[in-house]
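Participant: Position in the sequence shown counted from 1, then plus 346, gives you our numbering. Submitted below is the structure of interest, expressed as structure tokens.
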Amino acid sequence: MSTKKILITGATGQVARRAAEDLAKDNEVWCLARFTDPRIERELAAGDIRTWRWDMDGGTLEGLPDDFTHVMHAAAYRGDGTDFEAAVTMNSLATSRLMTHCHHAESFLFVSTGAVYARKARDHRYVETDPLGRRMGWLPTYPVSKITAEATVCAFSATLDLPATIARLNVAYGPHGHGGMPVALFRRMLAGRPIEVPHEGSDWCNPIHTDDVARQVPLLWEAAAVPARMVNWGGDEMVSIQDMMTFASEITGVPVTFLPSAVTRETDAFDNSLRRALIGNCAVSWRDGLPPTLRAHVPTVRGSGA
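Structure follows, in structure tokens:
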């Protein structure tokens, strides 16, 4: 993709930032965020990325150009776990305002999550037509806010005749940003803290490296449709949290312990048939991607084999 004018929200996060930096090599990229850390704003600007301060909670888009060809909306308000109304209102209104402002765009990509699916067996591979309605113990406001935002994208895609893709992201990880869930769990290992796992079975996921995320963003724009197209966005391989973090322990020498718990991260396994049919396979295996990711975020383990 080249010579396009691209708008990306949530540019301080690992997924959107990695995509923005990659796209900025051949396109005009604008990134919207609160930029509570001015350092990130300076780093983006140094990479020829234009920044615009925007708060999803009523922030104005007045003065922002409206001639973007492509939009990636990755910003999200997860909520505090208790105020459902605030989470639902903020995400849906921000999404509707953004789509209305950019209604001339060729394509709109909304980054959602697999946490929208109603919980089935832990090893169930979710498909795009599975029922919605997750109750997530550790952050209950998150799934419902994403479901309402998805509904907003569907409604405004049809109303504005704006081609859209809703990509339900699995576990994203990589050397950029905070590293993703595998790095967060590895830091628990370094601190000597256990990783919560189900009393029975395992939490499964399809980890996707940020290199694959960045490469696939333009392909997901190409796949956009009216009405909005739903697609699972995860890596090609299915792995349990136990197996992934046991592998991290083996390559670093950092011990890992697992604690059976009623509340876990509740990751999901995807059936990626539709994504593969639309945009092809991923390039990075989780076993190849995890070691350099750990090295990038925890350099002190470098000598331990990571």
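Here a beta-carbon is modelled for each residue, glycine too, at the ideal position from N, C-alpha and C.
In angstroms with no decimal places, state the Cα-to-Cα distance between Pro544 and Ser595.
Facilitator: 19 Å
Participant: Which of helix, strand or coil does DSSP assign to Tyr423?
Facilitator: In the three-state DSSP reduction, Tyr423 falls in the coil class, being neither helix nor strand.
Participant: Between Asp401 and Leu455, what straight-line distance do the alpha-carbon atoms span, to the nearest angstrom?
Facilitator: 19 Å
Participant: Does DSSP put Leu478 in a helix, a strand or coil?
Facilitator: In the structure shown, Leu478 falls within a strand segment according to DSSP collapsed to helix, strand and coil.
Participant: Closest to Val577 by C-alpha separation, out of His450, Ala501, Tyr463, would be which residue?
Facilitator: Ranking His450, Ala501, Tyr463 by Cα distance to Val577 puts Tyr463 first.
Participant: Output the residue ranges of the alpha helix (DSSP H) runs that lie fully inside the stretch 378-424 and measure 4 residues or longer, sorted by chain position.
Facilitator: 384-392
Participant: For Phe604 and Ile541, which I take to be in contact (beta-carbon distance under 8 Å), what is that distance rounded to the nearest angstrom?
Facilitator: 5 Å
Participant: Quick one: give me the first and last residue of the alpha helix (DSSP H) that Trp567 is part of.
Facilitator: Residues 556-568.
Participant: Around the C-beta of Thr505, are 16 or more other C-beta atoms found within 10 angstroms, so that it is buried, or is it exposed?
Facilitator: exposed
Participant: For the candidate residues Ser458, Arg471, Asp372, Ala623, whose alpha-carbon lies nearest to that of Leu565?
Facilitator: Just measuring C-alpha positions, the residue of Ser458, Arg471, Asp372, Ala623 sitting nearest Leu565 is Ala623.
Participant: If you reduce the DSSP assignment to three classes, tell me which class Trp484 lands in.
Facilitator: coil
Participant: How is the beta strand (DSSP E) around Val457 delimited, first residue to last?
Facilitator: 453-459
Participant: Which partner residues of Ile512 appear in the DSSP bridge assignment?
Facilitator: According to DSSP, Ile512 bridges with Phe456, Met576.
Participant: Can you grab the Cα-Cα spacing for the pair Ala642 / Val630, in whole Å?
Facilitator: 16 Å
Participant: Classify Glu596 as helix, strand or coil using the three-state DSSP reduction.
Facilitator: helix
Participant: Thinking just about the alpha-carbon of each residue, which of Val644, Thr613, Trp632 is nearest to the one in Arg468?
Facilitator: Thr613
Participant: Confirm, please, whether the CB-CB distance from Lys351 to Glu341 is below 8 Å.
Facilitator: Because residue 341 is not part of the residues shown, which for the chain are 347 to 652, the question remains open.
Participant: Under DSSP, the beta strand (DSSP E) around Val302 begins and ends at which residues?
Facilitator: Limits of the chain in this structure are 347 at one end and 652 at the other, which puts residue 302 out of reach.
Participant: Once the 5 residues before and after Arg481 are set aside, which same chain residues still bring their CB inside 8 Å of it?
Facilitator: Arg465, Pro489
Participant: If you run the structure through DSSP and keep just helix, strand and coil, what is Arg471?
Facilitator: strand
Participant: When DSSP labels each residue in this structure, what does Cys500 get in the three-state scheme?
Facilitator: Of the three classes helix, strand and coil, the one that applies to Cys500 here is helix, per DSSP.
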